[in-house]
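So the sequence lines, in the order shown, correspond to chains F and B. Its first residue numbered 731, the first sequence is counted upward by one per residue in our numbering. Its first residue numbered 13, the second sequence is counted upward by one per residue in our numbering.
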Amino acid sequence: MSDRIFAGLMLFFSLYYGWEAYGLKVPFAYDPLGPRAFPLFLAILLAVFSLFVLFRSKSQQVEWPRDRLLLKSVLVIATLVGYGFTLFWLGFILSTAIVSTLLARLFEANWVQSGLGGIALGLVFYALFGWLLQIPLPSGQIFGG
Amino acid sequence: MDILDFLLQGFAVALTPLNLAMALVGGFIGTLVGALPGIGPINGVAVLLPISYTLGLPPETALIMLAGIYYGAEYGGRISSILLNIPGDSSAVMSTLDGYPLAHKGMAGPALALSAISSFIGGTIAVIGLTLFAPLLAEMAIKFGPAEYFSLMIFAFASLAVIVGKNPLKTAIAAVLGVMLATVGVDSGTGVLRYTYGQPELYDGIDFLIVVIGLFAVSEILLLLERAHMGRLIPVAINRTMIKLEEVLACKWTILRSSIIGFIIGVLPGTGASIASAVAYSTEKRLNDSEGTFGKGDFRGLAAPEAANNAAAGGAFVPMLTLGIPGSGTTAILLGALLLYNIQPGPMLFAQQPEIAGGLIASMYIGNLMLLVLNLPMVGLFARILLIPNWLLVPGIAVMAFVGVFSVHGSMVSILFVLAIGVFGYFLRKLKYSLIPFILGFVLGELMEENLRRALAISGGDMGILFQSQISQSLWVLTFSIVIILPIVRLLFRRRLLEKQKT
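Shown next, in the form of structure tokens:
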């Protein structure tokens, strides 16, 4: 069933993708094909393939995450999104330490392990990237960086 | 054969103690940098290039060190492919197919060793090819016009679609989605914005790094979580660290064939190495996979892309040295390094400064050799990365992935984009869509469209140009035989097998 739902979504996507390509305004093209033809061709290709999956192929059983696992998966993504948001604000070391601690917790480590691991990762990676490899890392807006 | 003399002279220069030491240092740093997921060879060389320049080393020493970094980073990229299922760059993608299953069978050490050995052999064959055929190959590469490129890519896709994964339909869908993602950004032909939604970050298109980190690293984290939760996470044992001689010998034809394929395809500027490893893998699978072990941890399935990709990396030096056209992202940066030292690669290099060409080739070779010397003893150590508990490994992967994206883009939008692609990649993997065609579609998509349109611009819209030259014709015949004839042959073969079983 999941397979067919996904194929259906792909079918919609191909229609949208093709529609968007069709609507491109081309002032002037140097080549006979222009920027529209290739995406339109892709859209048709995807639509045909999706239709095949939708109606012909045997559907596969997929075990989707449920209950606690679903919650944990969502939390992992949320933590990573939070990393993106806090990286500039808290700076590399602090936000890495916090995010690593939370991720370690989600992977069933206890608080002590997570906390120590998080702090260690923050410092080690800063030494490795910021100091050894000279990659400019955010130092954090709250520290005036 | 004066190039041979100069090659020998080059070796004489490269074999001085200082240069050997720098090759070793370069190889070591390169391996470290390449091994971090998300920071692939391109970034590795790019980050380390200014450092090696500021050290004030003589040009030949610096070049030798860079060659060491280059090969080291290429090899390091394999480490994360094999151990973590996260390819460092597009040419390492195929190595995940058998490398990761091998690591999970407790064969991480042997897999890494085999990867080093087949890379070395591939690199050696490429150096020999480079010395013998460079001018000849440069001529061939010139004959590859847009139409020929287009047919080559169709061929690469066709060999993928039939061979990777059990469901060709899903492989095809994944490839199309990858190509679609590549159409985002400014259309190079007309300047029209496609699928950018007014986001300036999207004008340049989506960076490979963002796609590969999202697709592989983020989805891997989610799958790790799932496996850990279901108690399906079998603790990875390390059975032994060294590979047996007979295991290497069992791969000898695979390595030889793949090296030659890799070298020839690598000569073509563009994405030689990723096409080469894909074609080599599918060739070997077709020839050898009678028991269906490919993709489940077959040594030959790892040796093929590894040998091919290193041979292709060597082949990529042909257009760079003879034509001044870099054959890959990394060679583009190395080209910059050469220019930094006032060496102008191009048609005149072999004629006017053969000593530099010889020295360069020699330094490539030394870099490659050092890698083998350096990495074989360390294989056991690298394999131990697998013993790091998940609660420490996963944050580590996440941080390295973010730093990788951050070092290139430094924007929030790109980080959110990585996560979005990662979730999508997770759904694809859950639904048994292979990520390999997706990422290759993404890498080749832009080139494919560009070459198609360029070809049609040359012919004034006449599709005939795609089938005109001998090169394109033979590629189309190959494509046709893979897509149409091969499945029919297989079907007949299977039917005969069934009949035999009945009697």
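In this text, a Cβ means the ideal position worked out from N, Cα and C, and glycines have one as well.
Listed in chain order, the positions of the region 190-204 of chain B with a beta carbon within less than 8 Å of a beta carbon of chain F are 191, 192, 195, 199, 201, 202 and 204. Residue 198 (chain B) sits in a strand when the DSSP states are folded into three classes. Under the three-state reduction of DSSP, residue 252 (chain B) is assigned to coil, being neither helix nor strand. Rounded to the nearest angstrom, the Cβ distance from residue 780 (chain F) to residue 821 (chain F) is 45 Å, too far for a contact under 8 Å.
Separation of residue 36 (chain B) and residue 105 (chain B) (C-alpha to C-alpha, rounded to the nearest whole angstrom) is 26 Å.
For residue 206 (chain B), DSSP records a beta bridge to B:197. Nearest to residue 70 (chain B) by alpha-carbon distance, out of B:31, B:348 and B:42, is B:31. Assigned with DSSP and collapsed to three states, residue 871 (chain F) falls in helix. Think of a sphere of 8 Å around the beta carbon of residue 797 (chain F): no beta carbon from chain B falls inside it, the nearest being about 10 Å out. Distance from the CA atom of residue 235 (chain B) to the CA atom of residue 743 (chain F), rounded to whole angstroms, is 25 Å. Inclusion of residue 797 (chain F) and residue 465 (chain B) in the CB contact set at 8 Å is not warranted, their separation being larger than that value.
In the assembly as shown, residue 297 (chain B) is a buried residue. Its beta-carbon has 16 or more other beta-carbons within 10 Å.
At least 8 Å separates the beta-carbon of residue 78 (chain B) from that of residue 509 (chain B). Cβ contact annotation for residue 759 (chain F) (same chain, cutoff 8 Å, sequence separation greater than five): 765, in chain order. If you draw a straight line from the Cα of residue 225 (chain B) to the Cα of residue 864 (chain F), it is about 21 Å long.
Within the region 302-321 of chain B, no residue has a Cβ lying closer than 7 Å to any Cβ of chain F. No residue range can be given for residue 215 (chain B), since it is assigned to no alpha helix (DSSP H) and is classified by DSSP as neither H nor E.
Burial is judged here by how many other beta carbons sit within 10 angstroms of a residue's own beta carbon; residue 831 (chain F) has at least 16 and is buried. Around the beta carbon of residue 380 (chain B), 16 or more other beta carbons sit within 10 angstroms, so the residue counts as buried.
Taking CB atoms only, residue 419 (chain B) has a neighbour in chain F less than 8 Å away. Relative to the Cα of residue 827 (chain F), the nearest Cα in the group F:733, F:810 and F:853 belongs to F:853. By the C-beta criterion, the region 462-477 of chain B is judged not to be in contact with the region 302-316 of chain B, since fewer than 3 inter-stretch pairs fall below 8 Å. With respect to residue 46 (chain B), residue 80 (chain B) sits apart: the two C-beta atoms are not nearer than 8 Å. Contacts between residue 732 (chain F) and chain B, judged by CB atoms closer than 7 Å, involve 443 in chain order.
Excluding the 5 residues flanking it on each side, residue 376 (chain B) has same chain C-beta neighbours closer than 6 Å at 79, in chain order. Non-local beta-carbon contacts of residue 316 (chain B) in its own chain, meaning distances under 6 Å to residues more than five positions away in sequence, involve 266, 270, 292, 293 and 296 in chain order. Look at residue 424 (chain B): its C-beta is under 8 Å from a C-beta on chain F. Less than 8 Å divides the Cβ of residue 328 (chain B) from the Cβ of residue 285 (chain B).
Only residues of its own chain outside the window of five on either side were considered, and among them 306, 307, 309, 310, 313 and 314 have a CB closer than 7 Å to the CB of residue 110 (chain B), listed in chain order. Boundaries for residue 864 (chain F): no alpha helix (DSSP H) harbours it, and the DSSP string shows neither H nor E there. Within the same chain, and ignoring the five residues on either side of residue 125 (chain B) in sequence, the residues whose Cβ sits closer than 7 Å to its Cβ are 254, 255, 388 and 391.
Taking the Cα positions, residue 811 (chain F) is about 7 Å away from residue 431 (chain B).
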